[in-house]
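A.B. asks:
Residue numbers (the numbering used here): 971 to 1246.
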């Protein structure tokens, strides 16, 4: 039987055979289709696509950052990050902000009394700054009115006026009188002139005067040569007062009554010495 033919409407589009080699990678129709509209493939999905491959560039959808949807983070995954942050914060706190207010202000603390003070006896006493020897020692020197005053002077091994004696006060444990020889040949005691801030310390006849009572408190910052101590007047220690060095007015020559946070030094180093 011969091949049968059917009449074709005049206006119907003709679908020629398409060679895959005639297609461009930009997915235009084959060149031999001319300007005709693409053929509506009956097998196309219901969504209206043509069934052609979208190509690698469009195979993965870009993340929609405007939608507000984010992938939930597992607590097990986030836990190591939280632990790391906590450890770093703890380290920084200990390095920069972990000290107590006492350490920042220099106010005496009962917690630092675990280190016992020096025993009664003769010493050379060196004020220390930056934990390094200053080369100066407490010494008995005359002030402008030639009155013996507790000051500091370059250390000299044979200087008898740089020998300081800690004398225990019997009725007050760990409280001392600070004794030294004056140029008049008298063994006197250091005393605050007044309870006011920046009062000087002069030598007087030893007696029951409360301004002649002092205690020693470790700073908690030992140096290679030993422990550093604050020197606190018993009359004003509860007010946060210490014996410091007057850096401004006298260039660090005389000792003064000042707040523990403004002593100009880190503490005093007591080194045993022979009696002068």
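C-beta atoms are modelled at their ideal positions from N, C-alpha and C, and glycine is treated no differently. Since the model is a prediction, treat every value here as computed from it, not as a measurement.
Is the beta carbon of residue 1118 sitting closer than 9 Å to the one on residue 1092?
C.D. replies: Cβ atoms of residue 1118 and residue 1092: not closer than 9 Å.
A.B. asks: Thinking C-beta only, is residue 1205 closer than 9 Å to residue 1178?
C.D. replies: The answer is no: Cβ separation not under 9 Å.
A.B. asks: Does the beta-carbon distance from residue 1169 to residue 1163 come in below 9 Å?
C.D. replies: Yes, the Cβ-Cβ distance between residue 1169 and residue 1163 is below 9 Å.
A.B. asks: What does DSSP give as the partner residues of residue 1160 in its beta bridges?
C.D. replies: For residue 1160, which the question treats as bridged, DSSP gives the partners 1173.
A.B. asks: Nearest CA to the CA of residue 1183: which residue from 1239, 1171, 1111, 1194?
C.D. replies: Considering only alpha carbons, the answer is 1171.
A.B. asks: Sort 1236, 1242, 1245 by Cα distance to residue 1102 and report the nearest one.
C.D. replies: Of the candidates 1236, 1242, 1245, the one whose C-alpha sits nearest the C-alpha of residue 1102 is 1236.
A.B. asks: Since I believe residue 1125 is in contact with residue 1094 (beta carbons under 8 Å), could you give me their beta-carbon distance rounded to a whole number of angstroms?
C.D. replies: The pair is a contact, with the Cβ atoms about 7 Å apart (cut-off 8 Å).
A.B. asks: Kindly indicate the opening and closing residues of the beta strand (DSSP E) around residue 1149.
C.D. replies: Residues 1142 to 1151.
A.B. asks: From residue 1227 to residue 1155, what does the alpha carbon distance come to, in whole angstroms?
C.D. replies: So the two alpha carbons sit approximately 26 Å from each other.
A.B. asks: What's the gap between the Cα of residue 1059 and the Cα of residue 1217?
C.D. replies: A caution first: residue 1059 carries a pLDDT of 44, below 50, which makes its placement in the model unreliable, though a value can still be read off. Going by the C-alpha atoms only, they are around 37 Å apart.
A.B. asks: Applying the 10 Å Cβ sphere with the 16-neighbour rule, what's the burial state of residue 1286?
C.D. replies: No answer is possible for residue 1286: the residues shown for the chain start at 971 and end at 1246.
A.B. asks: Given a cut-off of 9 Å on the beta-carbon distance, is the pair residue 1109 and residue 1123 in contact?
C.D. replies: Taking 9 Å as the Cβ cut-off, residue 1109 and residue 1123 qualify as a contacting pair.
A.B. asks: So the beta strand (DSSP E) residue 1238 belongs to, where does it begin and stop?
C.D. replies: That run of the beta strand (DSSP E) goes 1237 to 1242.
A.B. asks: Ignoring anything shorter than 3 residues, give me the beta strand (DSSP E) runs that lie fully in the region 1197 to 1231, in order along the chain.
C.D. replies: Counting only runs of 3 or more, we get 1198 to 1203, 1211 to 1215, 1225 to 1229.
A.B. asks: Under a Cβ-count criterion, where at least 16 other Cβ atoms within 10 Å of its own Cβ denotes burial, should residue 1142 be classed as buried or exposed?
C.D. replies: It is exposed - the Cβ of residue 1142 has fewer than 16 other Cβ atoms within 10 Å.
A.B. asks: Taking 9 Å as the cut-off, decide whether the C-beta atoms of residue 1203 and residue 1136 are in contact.
C.D. replies: The answer is no: Cβ separation not under 9 Å.
A.B. asks: Looking only at its own chain, which residues have a Cβ that is under 7 Å from the Cβ of residue 1197, when we skip the five neighbours before and after it?
C.D. replies: 1085, 1188.
A.B. asks: Nearest to residue 1133 by alpha carbon, out of 1191, 1190, 1096?
C.D. replies: Answer by Cα proximity: 1096.
A.B. asks: For residue 1146 and residue 1239, I'd like the C-alpha separation in whole angstroms.
C.D. replies: So the two alpha carbons sit approximately 16 Å from each other.
A.B. asks: Whose CA, out of 1185, 1129, 1243, 1210, lies closest to the CA of residue 1233?
C.D. replies: Ranking the options by Cα distance to residue 1233, first place goes to 1210.
A.B. asks: For the beta strand (DSSP E) that contains residue 1131, what are its first and last residues?
C.D. replies: Segment: none, residue 1131 is in no beta strand (DSSP E) and carries neither H nor E.
A.B. asks: Considering only their Cβ atoms, is the gap separating residue 1195 from residue 1241 smaller than 9 Å?
C.D. replies: Yes, the Cβ-Cβ distance between residue 1241 and residue 1195 is below 9 Å.
A.B. asks: Let me know the secondary structure DSSP gives residue 1182 once reduced to three states.
C.D. replies: Here residue 1182 sits in helix by DSSP.
A.B. asks: Count the other CB atoms, across all protein chains shown, that sit within 10 Å of the CB of residue 1191; report buried if there are 16 or more and exposed otherwise.
C.D. replies: Result: exposed.
A.B. asks: On the three-state DSSP scale, how would you describe residue 1084?
C.D. replies: It is helical.
A.B. asks: Note down the Cα distance separating residue 1213 from residue 1223, rounded to an integer number of angstroms.
C.D. replies: So the alpha carbons of these two residues sit roughly 13 Å apart.
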